[in-house]
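Reading through the C-alpha coordinates given below for one structure.
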Amino acid sequence: MANSTIVIKSTSFPKFQVMLRYILLSFQVVTAVRVSLLDSEQSSAQLNGRLSKRSPLPLNGDASKCFQMKIQANGINLNVLVDSATSDLIVPLSTLNNYRGPTLPDTKRGEPVSGSYGSGATWKGYGFLATVNIPDTGIIATNSPTVGIYQQSIEPTVISGEPRQGVFGFAYPSLSYYHTSPESVMDAWYKSKTILKNQVATQLCPYGLSEKSYIDIGNTDSTKKCGTNGESVAWVYSPSLDFFTVSIRNILVNDRPVTLPVAFKENEFQQNSFSYIDTCSRSIRLPHLVLDGLIGAITASRAFQPPLTTMETLAFFWQRDVIDTLKYTIDWKKLPTLSFVLDTGVPKKKKGSYSTVKITLGPKDYLQQIGPNQYLFSVGFGSETSITLGIPFMTRLKVVFDREGGRIGFGPGCGCDTPTDGYPTIMNERKVLWPLPRSKWSRFKHTVAQKLSELYISFK
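Following full-length UniProt numbering, the numbering of the sequence shown begins with 1 at its first residue and continues without gaps.
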(Lines of atoms letter the chains of each structure in order from A and count residues from 1; the text may use other names and numbers.)
(Lines give C-alpha, C1' and ligand atoms only; values in the text may rest on other atoms or scores of the structure.)
Protein backbone atom coordinates (compact mmCIF):
# COMPACT_ATOMS: atom_id res chain seq x y z
CA MET A 1 0.00 0.00 0.00
CA ALA A 2 1.42 3.39 -0.96
CA ASN A 3 2.06 5.91 1.79
CA SER A 4 1.03 9.52 1.22
CA THR A 5 2.48 12.27 3.39
CA ILE A 6 0.63 15.60 3.35
CA VAL A 7 1.72 18.72 5.20
CA ILE A 8 -1.26 20.77 6.47
CA LYS A 9 -0.96 24.50 5.83
CA SER A 10 -3.41 27.37 6.15
CA THR A 11 -5.47 28.13 3.04
CA SER A 12 -8.15 30.51 1.96
CA PHE A 13 -10.76 27.80 2.54
CA PRO A 14 -10.64 27.33 6.34
CA LYS A 15 -14.02 25.61 6.76
CA PHE A 16 -13.44 23.27 3.85
CA GLN A 17 -9.92 22.59 5.14
CA VAL A 18 -11.20 21.57 8.59
CA MET A 19 -13.79 19.26 7.06
CA LEU A 20 -11.30 17.68 4.67
CA ARG A 21 -8.77 17.30 7.46
CA TYR A 22 -11.37 15.38 9.48
CA ILE A 23 -12.11 13.10 6.52
CA LEU A 24 -8.43 12.51 5.86
CA LEU A 25 -7.74 11.66 9.49
CA SER A 26 -10.64 9.22 9.44
CA PHE A 27 -9.17 7.48 6.42
CA GLN A 28 -5.77 7.49 8.07
CA VAL A 29 -7.19 5.26 10.79
CA VAL A 30 -9.04 2.99 8.36
CA THR A 31 -6.48 2.66 5.56
CA ALA A 32 -3.13 3.41 7.21
CA VAL A 33 -2.40 6.17 4.67
CA ARG A 34 0.01 8.41 6.58
CA VAL A 35 -1.07 12.04 7.00
CA SER A 36 1.32 14.40 8.75
CA LEU A 37 0.00 17.38 10.70
CA LEU A 38 3.50 18.74 11.33
CA ASP A 39 5.29 21.40 9.35
CA SER A 40 8.16 20.09 7.24
CA GLU A 41 10.97 21.37 9.52
CA GLN A 42 9.46 19.79 12.65
CA SER A 43 8.81 16.50 10.83
CA SER A 44 12.40 16.38 9.53
CA ALA A 45 13.83 17.07 12.99
CA GLN A 46 11.80 14.26 14.54
CA LEU A 47 12.86 11.86 11.78
CA ASN A 48 16.54 12.66 12.23
CA GLY A 49 16.19 12.17 15.98
CA ARG A 50 14.72 8.72 15.48
CA LEU A 51 17.34 7.65 12.94
CA SER A 52 20.23 8.54 15.23
CA LYS A 53 18.97 6.03 17.78
CA ARG A 54 18.20 3.16 15.42
CA SER A 55 20.47 0.42 14.18
CA PRO A 56 19.65 0.74 10.46
CA LEU A 57 22.37 3.03 9.15
CA PRO A 58 22.24 5.07 5.95
CA LEU A 59 24.52 4.00 3.12
CA ASN A 60 26.28 6.32 0.71
CA GLY A 61 26.61 5.62 -2.99
CA ASP A 62 24.30 4.06 -5.55
CA ALA A 63 23.63 0.84 -7.43
CA SER A 64 26.41 1.51 -9.94
CA LYS A 65 29.14 0.74 -7.38
CA CYS A 66 29.73 -0.57 -3.86
CA PHE A 67 27.70 1.19 -1.20
CA GLN A 68 29.60 2.73 1.72
CA MET A 69 29.02 3.18 5.46
CA LYS A 70 30.79 5.11 8.20
CA ILE A 71 32.82 3.44 10.95
CA GLN A 72 35.49 4.43 13.47
CA ALA A 73 38.69 2.41 13.87
CA ASN A 74 40.84 3.46 16.84
CA GLY A 75 39.05 6.82 16.76
CA ILE A 76 39.62 7.47 13.03
CA ASN A 77 36.49 8.09 10.96
CA LEU A 78 36.41 6.09 7.74
CA ASN A 79 34.02 5.67 4.82
CA VAL A 80 34.20 1.93 4.06
CA LEU A 81 32.81 -0.27 1.30
CA VAL A 82 30.12 -2.75 2.36
CA ASP A 83 31.22 -6.10 0.93
CA SER A 84 29.44 -9.42 1.45
CA ALA A 85 32.19 -11.31 -0.40
CA THR A 86 35.02 -10.61 2.08
CA SER A 87 35.41 -11.08 5.84
CA ASP A 88 38.14 -8.65 6.91
CA LEU A 89 37.95 -5.02 7.95
CA ILE A 90 40.54 -3.29 5.73
CA VAL A 91 41.80 0.13 6.84
CA PRO A 92 44.56 2.40 5.45
CA LEU A 93 47.87 2.96 7.25
CA SER A 94 49.75 6.24 6.96
CA THR A 95 52.34 4.72 4.59
CA LEU A 96 49.79 3.43 2.05
CA ASN A 97 50.63 4.29 -1.57
CA ASN A 98 48.18 5.83 -4.07
CA TYR A 99 45.78 6.90 -1.32
CA ARG A 100 44.49 10.28 -0.15
CA GLY A 101 42.36 10.33 2.96
CA PRO A 102 42.32 9.62 6.69
CA THR A 103 44.71 6.91 7.92
CA LEU A 104 45.75 5.01 11.02
CA PRO A 105 49.37 5.30 12.20
CA ASP A 106 51.71 2.67 10.74
CA THR A 107 53.40 1.20 13.81
CA LYS A 108 54.70 -1.76 11.78
CA ARG A 109 53.31 -4.00 14.47
CA GLY A 110 51.00 -6.93 13.97
CA GLU A 111 50.82 -10.14 12.02
CA PRO A 112 52.01 -9.77 8.39
CA VAL A 113 49.16 -10.55 6.03
CA SER A 114 48.48 -10.09 2.31
CA GLY A 115 45.56 -10.68 0.01
CA SER A 116 43.81 -10.03 -3.28
CA TYR A 117 40.32 -9.46 -4.68
CA GLY A 118 38.46 -10.66 -7.74
CA SER A 119 39.02 -7.25 -9.37
CA GLY A 120 42.75 -8.00 -9.50
CA ALA A 121 43.60 -5.59 -6.68
CA THR A 122 46.28 -6.81 -4.25
CA TRP A 123 47.53 -5.55 -0.88
CA LYS A 124 49.97 -6.12 1.99
CA GLY A 125 49.47 -5.17 5.60
CA TYR A 126 49.36 -6.11 9.26
CA GLY A 127 46.64 -7.78 11.27
CA PHE A 128 45.90 -6.38 14.74
CA LEU A 129 43.07 -5.91 17.22
CA ALA A 130 41.48 -2.45 17.28
CA THR A 131 38.59 -0.62 18.85
CA VAL A 132 35.97 -0.45 16.11
CA ASN A 133 32.59 1.19 16.49
CA ILE A 134 29.77 2.58 14.38
CA PRO A 135 29.23 6.29 15.14
CA ASP A 136 25.95 7.31 16.82
CA THR A 137 25.19 3.72 17.87
CA GLY A 138 26.13 1.48 20.77
CA ILE A 139 27.85 -0.99 18.43
CA ILE A 140 31.48 -1.31 19.57
CA ALA A 141 34.17 -3.88 20.32
CA THR A 142 37.66 -3.21 21.68
CA ASN A 143 39.11 -6.43 20.23
CA SER A 144 38.00 -6.15 16.60
CA PRO A 145 40.20 -7.98 14.07
CA THR A 146 41.52 -5.32 11.68
CA VAL A 147 43.88 -5.36 8.71
CA GLY A 148 45.86 -2.18 8.17
CA ILE A 149 47.36 -2.05 4.68
CA TYR A 150 50.58 -0.21 3.82
CA GLN A 151 50.91 -1.31 0.18
CA GLN A 152 48.40 -1.83 -2.63
CA SER A 153 48.37 -2.39 -6.37
CA ILE A 154 48.16 0.72 -8.52
CA GLU A 155 45.75 -0.44 -11.22
CA PRO A 156 43.34 -1.19 -9.71
CA THR A 157 43.74 0.13 -6.18
CA VAL A 158 41.94 -1.40 -3.21
CA ILE A 159 41.04 1.96 -1.68
CA SER A 160 41.70 5.45 -3.04
CA GLY A 161 40.56 7.65 -0.17
CA GLU A 162 38.12 9.56 -2.38
CA PRO A 163 35.68 8.28 -1.22
CA ARG A 164 36.79 4.66 -0.56
CA GLN A 165 38.67 4.64 2.74
CA GLY A 166 38.39 0.98 3.71
CA VAL A 167 36.44 -2.25 3.30
CA PHE A 168 33.93 -3.72 5.75
CA GLY A 169 33.60 -7.41 4.94
CA PHE A 170 30.86 -9.41 6.62
CA ALA A 171 31.10 -12.80 4.87
CA TYR A 172 31.64 -15.96 6.90
CA PRO A 173 34.90 -15.83 8.91
CA SER A 174 36.48 -18.70 6.94
CA LEU A 175 37.30 -16.11 4.24
CA SER A 176 39.38 -13.97 6.60
CA TYR A 177 42.99 -13.26 5.65
CA TYR A 178 43.77 -12.36 9.26
CA HIS A 179 43.11 -15.37 11.48
CA THR A 180 42.59 -14.59 15.16
CA SER A 181 39.86 -14.60 17.80
CA PRO A 182 37.25 -13.18 17.50
CA GLU A 183 37.23 -14.23 13.86
CA SER A 184 35.94 -10.95 12.38
CA VAL A 185 34.58 -7.54 13.32
CA MET A 186 31.03 -8.89 13.09
CA ASP A 187 31.93 -11.69 15.51
CA ALA A 188 33.62 -9.20 17.86
CA TRP A 189 30.48 -7.03 17.96
CA TYR A 190 28.30 -10.09 18.48
CA LYS A 191 30.45 -11.53 21.28
CA SER A 192 30.59 -8.12 22.98
CA LYS A 193 26.76 -8.27 22.99
CA THR A 194 26.40 -4.87 21.34
CA ILE A 195 24.43 -6.64 18.61
CA LEU A 196 21.95 -9.38 19.55
CA LYS A 197 22.01 -11.32 16.27
CA ASN A 198 24.97 -12.26 14.11
CA GLN A 199 23.11 -11.01 11.06
CA VAL A 200 23.31 -8.16 8.57
CA ALA A 201 20.28 -6.79 6.72
CA THR A 202 20.70 -4.59 3.66
CA GLN A 203 18.38 -2.46 1.59
CA LEU A 204 20.25 -1.37 -1.52
CA CYS A 205 18.17 1.07 -3.54
CA PRO A 206 18.04 2.00 -7.23
CA TYR A 207 18.51 5.39 -8.86
CA GLY A 208 16.13 8.00 -7.46
CA LEU A 209 15.79 6.18 -4.13
CA SER A 210 19.45 5.75 -3.19
CA GLU A 211 19.00 7.95 -0.10
CA LYS A 212 16.82 5.16 1.35
CA SER A 213 19.64 2.60 1.19
CA TYR A 214 20.66 1.24 4.58
CA ILE A 215 22.50 -1.49 6.45
CA ASP A 216 21.15 -2.97 9.67
CA ILE A 217 23.97 -4.52 11.70
CA GLY A 218 22.32 -7.15 13.89
CA ASN A 219 19.06 -7.09 11.88
CA THR A 220 17.18 -5.31 14.66
CA ASP A 221 14.53 -3.49 12.64
CA SER A 222 11.25 -5.39 12.42
CA THR A 223 9.02 -2.48 11.41
CA LYS A 224 5.93 -3.64 9.52
CA LYS A 225 6.49 -3.06 5.84
CA CYS A 226 4.40 -3.41 2.69
CA GLY A 227 2.00 -6.01 4.02
CA THR A 228 4.61 -7.95 6.01
CA ASN A 229 5.64 -7.95 9.67
CA GLY A 230 9.10 -6.70 8.73
CA GLU A 231 10.68 -10.15 8.77
CA SER A 232 11.94 -12.04 5.72
CA VAL A 233 9.14 -13.78 3.84
CA ALA A 234 11.46 -16.51 2.51
CA TRP A 235 14.72 -18.10 3.62
CA VAL A 236 17.21 -20.19 1.64
CA TYR A 237 20.23 -22.00 2.99
CA SER A 238 23.81 -21.03 2.21
CA PRO A 239 25.39 -24.31 1.07
CA SER A 240 28.99 -23.21 1.68
CA LEU A 241 30.01 -21.23 4.75
CA ASP A 242 32.56 -18.93 3.15
CA PHE A 243 30.87 -16.65 0.61
CA PHE A 244 27.13 -16.09 0.89
CA THR A 245 26.05 -18.72 -1.59
CA VAL A 246 22.77 -20.08 -2.92
CA SER A 247 21.90 -23.21 -4.83
CA ILE A 248 20.08 -22.22 -8.03
CA ARG A 249 17.83 -24.99 -9.30
CA ASN A 250 16.58 -23.25 -12.42
CA ILE A 251 16.44 -19.96 -14.33
CA LEU A 252 13.39 -18.78 -16.24
CA VAL A 253 12.84 -16.02 -18.79
CA ASN A 254 9.16 -15.05 -19.02
CA ASP A 255 8.42 -18.11 -16.85
CA ARG A 256 10.01 -20.42 -19.40
CA PRO A 257 13.00 -22.49 -18.24
CA VAL A 258 16.28 -21.58 -19.90
CA THR A 259 18.66 -24.35 -20.90
CA LEU A 260 21.56 -24.32 -18.43
CA PRO A 261 25.11 -25.14 -19.56
CA VAL A 262 26.27 -28.71 -19.07
CA ALA A 263 29.12 -27.46 -16.85
CA PHE A 264 26.64 -25.66 -14.58
CA LYS A 265 24.47 -28.75 -14.16
CA GLU A 266 27.46 -31.03 -13.64
CA ASN A 267 28.86 -28.81 -10.89
CA GLU A 268 25.50 -28.12 -9.23
CA PHE A 269 26.16 -30.34 -6.23
CA GLN A 270 29.94 -30.18 -6.09
CA GLN A 271 31.75 -28.31 -3.35
CA ASN A 272 32.46 -24.61 -4.00
CA SER A 273 30.39 -24.59 -7.19
CA PHE A 274 27.45 -22.65 -5.84
CA SER A 275 26.21 -19.22 -6.92
CA TYR A 276 26.98 -16.04 -5.02
CA ILE A 277 25.12 -13.06 -3.60
CA ASP A 278 27.49 -10.09 -3.78
CA THR A 279 26.75 -6.57 -2.49
CA CYS A 280 29.76 -5.19 -4.37
CA SER A 281 29.04 -6.63 -7.81
CA ARG A 282 27.52 -4.04 -10.15
CA SER A 283 25.76 -6.63 -12.27
CA ILE A 284 24.11 -10.03 -12.39
CA ARG A 285 26.59 -12.44 -13.98
CA LEU A 286 25.14 -15.35 -15.97
CA PRO A 287 26.52 -18.21 -18.06
CA HIS A 288 26.78 -17.31 -21.75
CA LEU A 289 23.90 -19.56 -22.80
CA VAL A 290 21.53 -18.04 -20.23
CA LEU A 291 22.59 -14.47 -21.03
CA ASP A 292 22.04 -15.12 -24.73
CA GLY A 293 18.52 -16.41 -23.99
CA LEU A 294 17.62 -13.29 -21.99
CA ILE A 295 18.95 -10.91 -24.65
CA GLY A 296 17.12 -12.87 -27.34
CA ALA A 297 13.83 -12.52 -25.43
CA ILE A 298 14.40 -8.78 -24.97
CA THR A 299 15.05 -8.14 -28.65
CA ALA A 300 12.14 -10.37 -29.70
CA SER A 301 9.76 -8.40 -27.46
CA ARG A 302 10.00 -5.33 -29.73
CA ALA A 303 9.82 -3.15 -26.63
CA PHE A 304 12.23 -0.59 -28.11
CA GLN A 305 11.08 1.99 -30.62
CA PRO A 306 12.63 2.60 -33.03
CA PRO A 307 13.67 -1.07 -33.21
CA LEU A 308 17.27 -1.79 -32.27
CA THR A 309 19.68 -2.55 -35.09
CA THR A 310 22.14 -5.44 -34.81
CA MET A 311 24.93 -3.00 -33.93
CA GLU A 312 22.79 -1.29 -31.28
CA THR A 313 21.86 -4.65 -29.77
CA LEU A 314 25.54 -5.54 -29.58
CA ALA A 315 26.42 -2.18 -28.01
CA PHE A 316 23.62 -2.09 -25.43
CA PHE A 317 23.54 -5.70 -24.29
CA TRP A 318 27.05 -7.04 -24.84
CA GLN A 319 29.21 -3.91 -24.53
CA ARG A 320 27.11 -2.19 -21.82
CA ASP A 321 26.55 1.09 -23.64
CA VAL A 322 23.98 3.42 -22.08
CA ILE A 323 20.42 3.39 -23.42
CA ASP A 324 19.05 6.95 -23.73
CA THR A 325 15.25 7.16 -23.53
CA LEU A 326 15.36 10.52 -25.31
CA LYS A 327 16.30 8.49 -28.39
CA TYR A 328 14.34 5.31 -27.68
CA THR A 329 10.90 4.64 -26.28
CA ILE A 330 10.71 1.57 -24.03
CA ASP A 331 7.43 -0.30 -23.59
CA TRP A 332 8.27 -1.86 -20.24
CA LYS A 333 5.26 -4.17 -20.23
CA LYS A 334 6.58 -5.99 -23.30
CA LEU A 335 9.94 -6.83 -21.74
CA PRO A 336 10.50 -10.31 -20.26
CA THR A 337 10.87 -11.24 -16.61
CA LEU A 338 13.91 -13.01 -15.17
CA SER A 339 13.37 -15.64 -12.45
CA PHE A 340 15.71 -17.63 -10.23
CA VAL A 341 14.53 -20.81 -8.50
CA LEU A 342 16.52 -21.36 -5.29
CA ASP A 343 16.77 -24.40 -3.04
CA THR A 344 15.58 -23.57 0.48
CA GLY A 345 17.44 -26.45 2.09
CA VAL A 346 14.19 -27.67 3.64
CA PRO A 347 13.61 -31.35 2.71
CA LYS A 348 10.34 -32.33 1.07
CA LYS A 349 8.53 -35.58 1.73
CA LYS A 350 10.11 -37.02 -1.39
CA LYS A 351 13.52 -38.35 -0.38
CA GLY A 352 16.45 -36.33 -1.73
CA SER A 353 14.24 -33.42 -2.78
CA TYR A 354 14.13 -29.89 -1.37
CA SER A 355 11.52 -27.17 -1.46
CA THR A 356 12.22 -24.09 -3.55
CA VAL A 357 11.67 -20.34 -3.64
CA LYS A 358 11.27 -18.44 -6.91
CA ILE A 359 12.33 -14.79 -7.06
CA THR A 360 11.18 -13.00 -10.21
CA LEU A 361 12.75 -9.73 -11.33
CA GLY A 362 11.07 -7.22 -13.60
CA PRO A 363 12.74 -5.35 -16.48
CA LYS A 364 13.46 -2.35 -14.25
CA ASP A 365 15.68 -4.61 -12.16
CA TYR A 366 17.94 -5.80 -14.99
CA LEU A 367 17.67 -2.51 -16.92
CA GLN A 368 18.91 -0.21 -14.17
CA GLN A 369 18.30 3.52 -14.38
CA ILE A 370 21.57 5.42 -13.93
CA GLY A 371 20.47 8.96 -14.88
CA PRO A 372 17.35 11.02 -15.66
CA ASN A 373 17.00 9.39 -19.09
CA GLN A 374 19.77 6.79 -19.03
CA TYR A 375 19.47 3.04 -18.51
CA LEU A 376 22.11 0.33 -18.37
CA PHE A 377 21.70 -3.37 -19.05
CA SER A 378 22.99 -4.68 -15.73
CA VAL A 379 23.42 -8.33 -16.67
CA GLY A 380 26.69 -9.67 -17.98
CA PHE A 381 28.64 -12.78 -18.83
CA GLY A 382 30.22 -14.61 -15.89
CA SER A 383 31.16 -18.19 -15.17
CA GLU A 384 29.80 -21.27 -16.91
CA THR A 385 29.57 -23.07 -13.56
CA SER A 386 28.05 -20.46 -11.25
CA ILE A 387 26.01 -17.25 -11.14
CA THR A 388 26.66 -13.97 -9.35
CA LEU A 389 23.60 -12.19 -8.01
CA GLY A 390 24.92 -8.65 -7.71
CA ILE A 391 23.37 -5.32 -6.72
CA PRO A 392 20.67 -5.28 -9.47
CA PHE A 393 19.25 -8.49 -7.98
CA MET A 394 18.77 -6.68 -4.65
CA THR A 395 17.76 -3.11 -5.49
CA ARG A 396 14.12 -3.78 -4.61
CA LEU A 397 14.63 -6.52 -2.00
CA LYS A 398 15.60 -6.47 1.64
CA VAL A 399 18.25 -9.17 2.06
CA VAL A 400 19.22 -10.66 5.42
CA PHE A 401 22.61 -12.38 5.73
CA ASP A 402 22.41 -14.77 8.69
CA ARG A 403 26.03 -15.60 9.54
CA GLU A 404 25.14 -17.82 12.49
CA GLY A 405 22.26 -19.71 10.88
CA GLY A 406 23.96 -20.18 7.50
CA ARG A 407 21.02 -18.83 5.53
CA ILE A 408 19.81 -15.82 3.52
CA GLY A 409 16.43 -14.12 3.89
CA PHE A 410 14.42 -12.15 1.33
CA GLY A 411 11.61 -9.64 1.79
CA PRO A 412 10.16 -6.44 0.31
CA GLY A 413 12.73 -3.70 -0.08
CA CYS A 414 13.18 -0.27 -1.58
CA GLY A 415 10.13 1.28 -3.23
CA CYS A 416 7.74 -1.49 -2.18
CA ASP A 417 5.30 1.11 -0.82
CA THR A 418 5.02 2.74 -4.27
CA PRO A 419 5.26 -0.17 -6.73
CA THR A 420 5.08 0.68 -10.42
CA ASP A 421 5.34 -2.69 -12.16
CA GLY A 422 4.50 -5.40 -9.60
CA TYR A 423 8.06 -6.72 -9.32
CA PRO A 424 10.00 -8.32 -7.80
CA THR A 425 7.86 -11.23 -6.62
CA ILE A 426 8.72 -13.98 -4.13
CA MET A 427 6.86 -17.28 -4.16
CA ASN A 428 7.24 -20.84 -2.97
CA GLU A 429 5.88 -23.94 -4.69
CA ARG A 430 2.35 -23.29 -3.42
CA LYS A 431 1.69 -19.56 -3.35
CA VAL A 432 2.96 -16.02 -3.77
CA LEU A 433 4.65 -14.89 -0.55
CA TRP A 434 5.04 -11.28 -1.66
CA PRO A 435 3.47 -9.03 -2.81
CA LEU A 436 0.28 -10.19 -1.15
CA PRO A 437 -2.95 -9.60 -3.12
CA ARG A 438 -5.19 -6.90 -1.69
CA SER A 439 -8.91 -7.37 -1.26
CA LYS A 440 -11.38 -5.31 -3.29
CA TRP A 441 -12.39 -3.42 -0.13
CA SER A 442 -8.75 -2.64 0.65
CA ARG A 443 -8.18 -1.35 -2.89
CA PHE A 444 -11.37 0.76 -2.66
CA LYS A 445 -10.30 2.34 0.65
CA HIS A 446 -6.86 3.08 -0.71
CA THR A 447 -8.24 4.64 -3.91
CA VAL A 448 -10.67 6.87 -1.99
CA ALA A 449 -7.91 8.01 0.36
CA GLN A 450 -5.69 8.90 -2.58
CA LYS A 451 -8.48 10.87 -4.28
CA LEU A 452 -9.17 12.79 -1.06
CA SER A 453 -5.48 13.56 -0.75
CA GLU A 454 -5.40 14.88 -4.31
CA LEU A 455 -8.51 16.96 -3.64
CA TYR A 456 -6.97 18.43 -0.52
CA ILE A 457 -3.77 19.33 -2.36
CA SER A 458 -5.78 21.15 -5.04
CA PHE A 459 -7.25 23.43 -2.33
CA LYS A 460 -3.93 24.20 -0.63
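The beta carbon of each residue, even a glycine, is placed where N, CA and C say it ideally should be.
Next on the checklist: Check whether the segment 97-108 and the segment 177-185 touch, using three or more Cβ-Cβ pairs below 8 Å as the test.
Outcome noted: no
Item to check | Residue interval of the beta strand (DSSP E) (run including P363) | outcome: Premise fails: P363 lies in the alpha helix (DSSP H), 363-366, not in any beta strand (DSSP E).
Checklist entry - The alpha helix (DSSP H) with I298 in it runs from where to where? => result 288-300
Checklist entry - When the Cβ atoms of the segment 60-67 are set against those of the segment 274-283, are three or more pairs found closer than 8 Å? => result yes
Item to check | Host alpha helix (DSSP H) of I391 (start-end) | outcome: 391-394
Checklist entry - Between which two residues does the alpha helix (DSSP H) carrying Y190 extend? => result 185-191
Next on the checklist: I'd like to confirm the pairing. Which residues does DSSP put opposite T228 in its beta bridges?
Outcome noted: K225
Next on the checklist: Comparing C-alpha positions only, which one of S222, G148, V80 sits nearest to G161?
Outcome noted: V80
Next on the checklist: At the level of alpha carbons, what is the spacing between N198 and I90?
Outcome noted: 20 Å
Checklist entry - Should T194 and G138 be called a contact, given that it needs their Cβ atoms to be closer than 7 Å? => result yes
Checklist entry - Which runs of the alpha helix (DSSP H) spanning at least 4 residues fall entirely within the segment 142-223, listed in chain order? => result 185-191
Next on the checklist: Taking the straight line between their C-alpha atoms, what separation do you get for L361 and P435?
Outcome noted: 13 Å
Item to check | Coil, strand or helix - K431 by DSSP | outcome: coil
Next on the checklist: Suppose you measure from the CA of A201 to the CA of V399; what does that come to, to the nearest Å?
Outcome noted: 6 Å
Checklist entry - Of all the options Y276, S192, K124, S176, which has the alpha carbon lying nearest to the alpha carbon of S383? => result Y276
Item to check | Cβ separation of P419 and Y214, assumed to be a contact under 8 Å, to the nearest whole Å | outcome: 19 Å between Cβ atoms; not a contact.
Item to check | Burial state of residue 481, where buried means 16 or more other Cβ atoms lie within 10 Å | outcome: Since the first and last residues shown for the chain are 1 and 460, residue 481 lies out of range.
Checklist entry - Contact check, G169 vs D83 under 8 Å by CB: the rounded distance? => result 5 Å
Checklist entry - Just how far apart, CA to CA, sit V147 and K108? => result 12 Å
Checklist entry - How would you label N133, buried or exposed, when you count the other beta carbons within 10 angstroms and need 16 or more for buried? => result buried
Item to check | Which of helix, strand or coil DSSP assigns to L59 | outcome: coil
Item to check | Buried or exposed (CB count within 10 angstroms, at least 16 for buried), residue 471 | outcome: For residue 471 there is no data in the structure shown, the boundaries of the chain being 1 and 460.
Checklist entry - Leaving out the 5 sequence neighbours to the left and right, which residues in its chain are closer than 7 Å to F264 when beta-carbon positions are compared? => result P287, E384, T385
Item to check | Selected residue, minimal CA-CA separation from D421, among G227, G390, L294, D365 | outcome: D365
Item to check | Neighbourhood of D402 by C-beta, 6 Å cutoff - its chain only, sequence neighbours within 5 removed | outcome: Q199
Item to check | Start and end residues, alpha helix (DSSP H) containing E111 | outcome: From DSSP, E111 is part of no alpha helix (DSSP H) but of the beta strand (DSSP E) over 111-116.
Item to check | Contacts around Y328, its chain only, beta-carbon distance under 6 Å, and the 5 residues preceding and following it disregarded | outcome: F304
Next on the checklist: Helix, strand or coil, according to DSSP, for F401 in the structure here?
Outcome noted: strand
Checklist entry - Quick one: is L326 buried, meaning 16 or more other Cβ sit within 10 Å of its Cβ, or exposed? => result exposed
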